[in-house]
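Below is one structure; the comments refer to it alone.
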Amino acid sequence: MDGPALSTVSQPSVNNCRDCRYFHLGHYPSGLGSQVVPEDRRVAVIAGGVGAAKFLRGLLKFYPNELVTAVVNVADDFHLHGLSISPDLDTVAYTISNQVNPETGWGRTGESWRVMTELEKLGGHTWFSLGDLDLALHLYRTQRLAEGATLSDVTREICASWGITAKLLPATDTKISTQLKVRDKDWVDFQDYFVAQQHSLPITDVRFSGIESASPGPGVIPSLEEADIIIIAPSNPIVSVNPVLEISGIRETLQSRKETVVAISPIVGGAALKGPASRMLEELGYERSAVGVADLYKDVAAILVIDEVDAGLSSRIESEGIRTLVTDTIMSDPERAAHLAKATLECLFSSKEGPL
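In the working numbering, the protein residues as written are 186 to 541.
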């Protein structure tokens, strides 16, 4: 498999294929990059759920964990059974601490379901499955929040308990909530749309309740300002990344540091590998492809990483003002996720147009 190709960038260390308009940065027989990646640079990642969690696990396989900060979406957070639940934070934490269920990409490995089984017998709400280990985490979070701790405080405590040395930051400690306007119907909360309705309903708009009064969580802006590279993970750009960018000061920080920002398209061959991202793009008026992703990120990112099957879209993406890196973006296992992470770092480390 060929290594990544960064279009419009030419330099002596890069091999230019005679019959190809892209510049190849090496061959990766092991699934990891061949270029040297400096291991003293600070990396910040804008993260959603499963896709971001897989990417972070790949990055943390080879990069100093203490130099990595993930700014995680919290607009999916909600209350159920009297408990405070943070799906994206939990998925990222489970994954990078090697506790995630490998079959689903979310929830805990070795999970049991005694509480849900009993709750179903009692006629309680079981539309959102919570395993017994999962419930322990939500009980702890709810208790600490009731005692006056912030979501950032609780997340830091959880990471310390699980030995996570990368920094996991909620995008905000303010309550914000993703809501979707369903065609010919009213607004629905994200978890109702995504889980209860299995994201089957056509939508016409998205809003983030509470976003106007939300401020970035402690450490979020400094981490973005001090990062040598900012990566927008391959998460849903509309409901995972955008609620982070819309928090006051975050989009502006990325815009001011645009040449350090690399985004990864979650759309491959016109489809999302998981979830409704591609259909959402189309329903909200964007092209159902990496071009639609570029349209959303053109004001904040200098480079968009796209899959090899989408190489033919590079010229259209670059017309939006974003350079492209072409590589294998399908993270079917941790090794391939590490390949993607390393290729993403290299596209700035080895680019004359990059900041490093």
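Cβ atoms here follow ideal geometry from the backbone N, Cα and C, with glycine treated the same way.
- The alpha-carbon separation between V373 and Q364 amounts to approximately 5 angstroms.
- Listed in chain order, the alpha helix (DSSP H) runs fully inside the region 397 to 426 are 405 to 411, counting runs of at least 4 residues.
- At the C-beta level, V490 and A457 stay beyond 9 angstroms of one another.
- Annotation: the continuous beta strand (DSSP E) that includes F393 extends over I388 to S394.
- Put simply, the region 380 to 398 does not touch the region 220 to 229. Fewer than three CB pairs are less than 8 angstroms apart.
- Per DSSP, the beta-bridge partners of I270 are F263.
- Shown here, T254 sits in a strand according to DSSP, grouped into three states.
- Judged by pairs of C-beta atoms under 8 angstroms, the region 498 to 506 does not touch the region 416 to 431, as fewer than three such pairs exist.
- A straight line joining the alpha-carbon of G434 with that of A232 spans about 17 angstroms.
- S450 sits buried, since 16 or more C-beta atoms from the chains shown fall within 10 Å of its C-beta.
- Per the DSSP secondary-structure output, P355 pairs in a beta bridge with V257.
- Distances from the CA of E431 to each of A356, E468 and F313 were compared; the closest alpha carbon is that of A356.
- If you check the CB distance, A486 and T254 do not come in under 9 angstroms.
- For T363, the uninterrupted beta strand (DSSP E) run begins and ends at S362 to V367, by DSSP.
- Taking C-beta atoms under 8 angstroms as the contact rule, L268 and H310 fail to qualify, at a distance of about 12 angstroms.
- V230 places its beta carbon 9 angstroms or farther from that of L252.
- The C-alpha of P419 lies about 9 angstroms from the C-alpha of K239.
- In the structure shown, the three-state DSSP call for D371 is coil.
- A522 and R242 do touch by the CB rule: their CB atoms are close to 6 angstroms apart, below 8 angstroms.
- Between W347 and A237 the beta-carbon gap is near 17 angstroms, outside 8 angstroms, which marks them as no contact.
- Spanning the alpha carbons of A496 and V511 requires a straight line of approximately 6 angstroms.
- L533 and F393 have their C-alpha atoms roughly 32 angstroms apart.
- Taking C-beta atoms as the reference points, D275 and W298 fail to come closer than 9 angstroms.
- If you look at L489, you'll find it in the beta strand (DSSP E) that goes I488 to D492.
- In this structure, DSSP gives L315 a state outside helix and strand, which the three-state scheme calls coil.
- In this structure, the alpha-carbon of V300 lies about 42 angstroms from that of G470.
- With respect to the 9 angstroms criterion, L320 and S271 are not classified as neighbours on the basis of their beta carbons.
- The DSSP-derived three-state label of R473 is coil.
- Excluding sequence positions up to five before and after D518, its CB lies less than 7 angstroms from no other CB in the same chain.
- Spatial neighbours of L530 in its own chain (CB-CB distance under 6 angstroms, excluding positions within 5 residues in sequence) are listed in chain order as V222.
- Ranking T438, T350, D480 and L439 by CA distance to the CA of Y248 puts T350 first.
- If the five residues before and after K352 are omitted, its C-beta is found closer than 6 angstroms to the C-beta atoms of T254, all from its own chain and listed in chain order.
- Rounded to whole angstroms, the Cβ separation of I417 and V446 is 7 angstroms, and the two are in contact under 8 angstroms.
- Taking C-beta atoms under 8 angstroms as the contact rule, D273 and Q376 fail to qualify, at a distance of about 12 angstroms.
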